[in-house]
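Line order of the protein sequences matches chains E and P. Numbering-wise (the numbering used here), the first sequence opens with residue 1 and increments by one. Numbering-wise (the numbering used here), the second sequence opens with residue 127 and increments by one. From the three backbone atoms N, C-alpha and C, an ideal C-beta is built for every residue, glycine too. Below: the structure, in structure tokens.
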Amino acid sequence: MQFRQTVLAITAACFLALGLQTTTASAGVIGTQAYLSAEARAGHLADINAAISRADVQAQLVSLGVDPANAVTRAAALSDAELAQVAQEMNNLPAGGDGLLAVVGIVFVVLMILELTGVIDIFKKF
Amino acid sequence: MSSTSSRSSSRLVVAALSALVGATALTGCTTRLPPLPEDPRRELASVPFFPQTIHQCGPAALATVLGATGVTTTPEQLSPLVYIPGRRGSLQVEMLAAARSQGRLPFVLEPRFAALQAELTAGNPVLVLQDLGALGIRRWHFAVVVGFAPDQDVLILRSGTERRRLERREQFLRTWQAGDYWAAVLTHPNQPPATATGSSFIRALAATERYLAPESISAANAVALARWPADPLVLLANGNQAYAAGQLTTAISRYRALLAIEPTHLAGRNNLASALLDAGCPRQALAQAEQAASLLPTDSPLSAAVNDTLVKARAAAPVAATSTCSAE
Numbered sequence: 001m002q003f004r005q006t007v008l009a010i011t012a013a014c015f016l017a018l019g020l021q022t023t024t025a026s027a028g029v030i031g032t033q034a035y036l037s038a039e040a041r042a043g044h045l046a047d048i049n050a051a052i053s054r055a056d057v058q059a060q061l062v063s064l065g066v067d068p069a070n071a072v073t074r075a076a077a078l079s080d081a082e083l084a085q086v087a088q089e090m091n092n093l094p095a096g097g098d099g100l101l102a103v104v105g106i107v108f109v110v111l112m113i114l115e116l117t118g119v120i121d122i123f124k125k126f
Numbered sequence: 127m128s129s130t131s132s133r134s135s136s137r138l139v140v141a142a143l144s145a146l147v148g149a150t151a152l153t154g155c156t157t158r159l160p161p162l163p164e165d166p167r168r169e170l171a172s173v174p175f176f177p178q179t180i181h182q183c184g185p186a187a188l189a190t191v192l193g194a195t196g197v198t199t200t201p202e203q204l205s206p207l208v209y210i211p212g213r214r215g216s217l218q219v220e221m222l223a224a225a226r227s228q229g230r231l232p233f234v235l236e237p238r239f240a241a242l243q244a245e246l247t248a249g250n251p252v253l254v255l256q257d258l259g260a261l262g263i264r265r266w267h268f269a270v271v272v273g274f275a276p277d278q279d280v281l282i283l284r285s286g287t288e289r290r291r292l293e294r295r296e297q298f299l300r301t302w303q304a305g306d307y308w309a310a311v312l313t314h315p316n317q318p319p320a321t322a323t324g325s326s327f328i329r330a331l332a333a334t335e336r337y338l339a340p341e342s343i344s345a346a347n348a349v350a351l352a353r354w355p356a357d358p359l360v361l362l363a364n365g366n367q368a369y370a371a372g373q374l375t376t377a378i379s380r381y382r383a384l385l386a387i388e389p390t391h392l393a394g395r396n397n398l399a400s401a402l403l404d405a406g407c408p409r410q411a412l413a414q415a416e417q418a419a420s421l422l423p424t425d426s427p428l429s430a431a432v433n434d435t436l437v438k439a440r441a442a443a444p445v446a447a448t449s450t451c452s453a454e
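Laid out in structure tokens, this is it:
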């Protein structure tokens, strides 16, 4: 657990360093993107939170079987708001996949119920 | 003898129930729909079709909507961007992020059938999230709505392995409701969707900017300005665009137009000050910079930029007597 936190902290620091570089470069004129992110954020604390969420999402994607290199680009492609949502709910958000297994599962459950309530008798044969 | 007959009758029951449950899960409990011939007046017939393989409805649906906007790609190419093996599916936000990485602007529609219909009418196929499950078991599925026949009350979808799946509106709404009526369109940066606002368009553009060529961004800003000439965010983006291209007079006039609509717009005020300074108008610049600084909330991420402008304007103002200011 401590190892994971260390990795998260280091990754977050790297992202943060990158992020700060881009914001200081545009001092003077406020770019459209800088304006929009300022609208959504309270300050540097939000930068840190976003960096931590990004590292967290990346780690979760890898643990769910995504190729580590792809996980980096995928976490980088999400906006701050998207990151916050995904980081907290990776396992609860709808994942569109059209699982045909679910249909098989439904049929099995129905058959099981019918079997247990004695309406049918197919599983005792084996 | 009686045991054999009871066994065979129970088999019959099993077969009937299995068929019923299977049919329910697959079709969502519909009676058979009459055939609906392809008709370009109610359906976007040229939208490509990519039949999905198991669990891959996300990449397939994404390739479909991207293909309709002129991006040549395949579900196999998109799968590494959106598919999560451990969830056996794809998340909505990742579908949107992947669209951005392909240079297309994603827009989540208002959760109303009317919005979906408006986009179809405008020629945009609509990506939707449906729950095709039954008996309380969720079965999330991405599909693409390509048409609607109001007289039959039937939607036409590219879905799963079906190129032209027909669904009664009532049935579609039931499956669509579970995912909070989530729907999205992807558009080329030059073609804002029918239901977009100036603000939603600029936000989508800003989030996609890093994947777009500078010419595409300026063309998109110009399209936005023509369609929403009085939207503050559109004016700010166009002012910034002109400023970055060194067109100071245009930039100044966009910022002024923005401030006429929203006088307390901090970024607009600051950028006007900065542009005036570069245009050789330090006195006007100082007045604007001071106003911007007075609008600054405490702990604002914009304070560095605003203070920087103020310092520069203060340094330049005393030598302004002989300035060549032309931006009045």
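{"Asked": "Own chain residues within Cβ distance below 8 Å of E/Leu-83, not counting five before or after", "Found": "Ala-50, Ser-53, Arg-54, Val-57, Ala-75"}
{"Asked": "Start-to-end residues for the alpha helix (DSSP H) that takes in P/Gly-324", "Found": "324-334"}
{"Asked": "One or two residues paired with P/Ile-282 in a DSSP bridge", "Found": "P/Gly-273, P/Leu-292"}
{"Asked": "Beta-carbon gap between P/Ala-363 and P/Asn-396 smaller than 7 Å", "Found": "no"}
{"Asked": "Span separating the alpha-carbon of P/His-391 from that of P/Leu-384", "Found": "8 Å"}
{"Asked": "Beta-bridge pairing of P/Gln-256 - partner residues as DSSP gives them", "Found": "P/His-267"}
{"Asked": "Range of the contiguous beta strand (DSSP E) that encloses P/Leu-312", "Found": "309-313"}
{"Asked": "Three-state secondary structure (DSSP) of P/Gly-193", "Found": "helix"}
{"Asked": "Beta-carbon proximity of P/Leu-283 to P/Phe-274, cut-off 7 Å", "Found": "no"}
{"Asked": "Residues that DSSP places opposite P/Ile-210 in a beta bridge", "Found": "P/Gly-215"}
{"Asked": "Proximal residues to P/Asn-347 (C-beta, below 6 Å), its chain only, five neighbours per side dropped", "Found": "Ala-363, Asn-364, Gln-367"}
{"Asked": "Within chain P, the residues that E/Pro-68 reaches when beta carbons sit closer than 8 Å", "Found": "Within 8 Å Cβ-Cβ: nothing; E/Pro-68 doesn't reach chain P, min ~12 Å."}
{"Asked": "Beta-carbon proximity check, P/Val-191 vs P/Leu-312, cutoff 7 Å", "Found": "yes"}
{"Asked": "Cβ contact (3+ pairs, closer than 8 Å) linking the segment 222-230 of chain P and the segment 189-207 of chain P", "Found": "yes"}
{"Asked": "Under 7 Å by beta carbon: chain E residues contacting P/Ala-393", "Found": "Ile-30, Tyr-35"}
{"Asked": "Proximal residues of chain E, C-beta to C-beta of P/Glu-335 below 7 Å", "Found": "Gln-33"}
{"Asked": "Nearest to P/Gly-305 (by Cα), restricted to the options P/Asp-165, P/Ile-180, P/Gly-406, P/Trp-266", "Found": "P/Trp-266"}
{"Asked": "Local Cβ density within 10 Å of E/Pro-68, reported as buried at 16 or more and exposed below that", "Found": "exposed"}
{"Asked": "Close beta carbons around P/Arg-214, own chain, < 6 Å, minus the five adjacent residues each side", "Found": "His-181"}
{"Asked": "is_contact[P/Pro-444, chain E] using C-beta, thresh 7 Å", "Found": "no"}
{"Asked": "Cα-Cα separation between E/Gly-96 and E/Ala-59, rounded to whole angstroms", "Found": "21 Å"}
{"Asked": "Straight-line gap, P/Thr-156 to E/Glu-115 (C-alpha atoms, nearest Å)", "Found": "With a pLDDT of 47 at P/Thr-156, under the threshold of 50, the modelled position of this residue cannot be trusted, and the question is left open."}
{"Asked": "E/Val-86: contacting residues in chain P (beta-carbon distance under 9 Å)", "Found": "Leu-217, Val-219, Glu-220"}
{"Asked": "Contact list for P/Leu-428 against chain E, beta-carbon separation under 7 Å", "Found": "Ile-30, Ala-38"}
{"Asked": "Reference P/Gly-249; option with closest CA among P/Glu-169, P/Phe-268, P/Arg-294", "Found": "P/Glu-169"}
{"Asked": "Proximity of P/Leu-231 and P/Pro-315 at Cβ, strictly below 7 Å", "Found": "yes"}
{"Asked": "Rounded separation between P/Pro-251 and P/Gly-262 - CA only", "Found": "29 Å"}
{"Asked": "Proximity of P/Ile-328 and P/Val-349 at Cβ, strictly below 7 Å", "Found": "no"}
{"Asked": "Residue-level contact to chain E via CB, P/Trp-354, 7 Å cutoff", "Found": "no"}
{"Asked": "Coil, strand or helix - P/Leu-251 by DSSP", "Found": "The sequence given here places Pro at residue 251 of chain P; Leu does not occur at that position. Here P/Pro-251 sits in coil by DSSP."}
{"Asked": "Distance between P/Phe-233 and P/Ala-186 (C-alpha atoms, nearest Å)", "Found": "19 Å"}
{"Asked": "Beta-carbon contacts of E/Ile-120 that lie in its chain and below 8 Å, excluding the five residues immediately before and after", "Found": "Leu-111, Leu-114"}
{"Asked": "Span separating the alpha-carbon of P/Pro-319 from that of P/Pro-166", "Found": "20 Å"}
{"Asked": "Residue-chain proximity (P/Asn-316, chain E), Cβ-Cβ < 7 Å", "Found": "no"}
{"Asked": "Between the CA atoms of P/Cys-451 and P/Ala-405 - distance to the nearest angstrom", "Found": "7 Å"}
{"Asked": "Under 7 Å by beta carbon: chain P residues contacting E/Gly-96", "Found": "Cys-183, Gly-184, Gly-215, Ser-216, Leu-255, Trp-266, His-267, Phe-268"}
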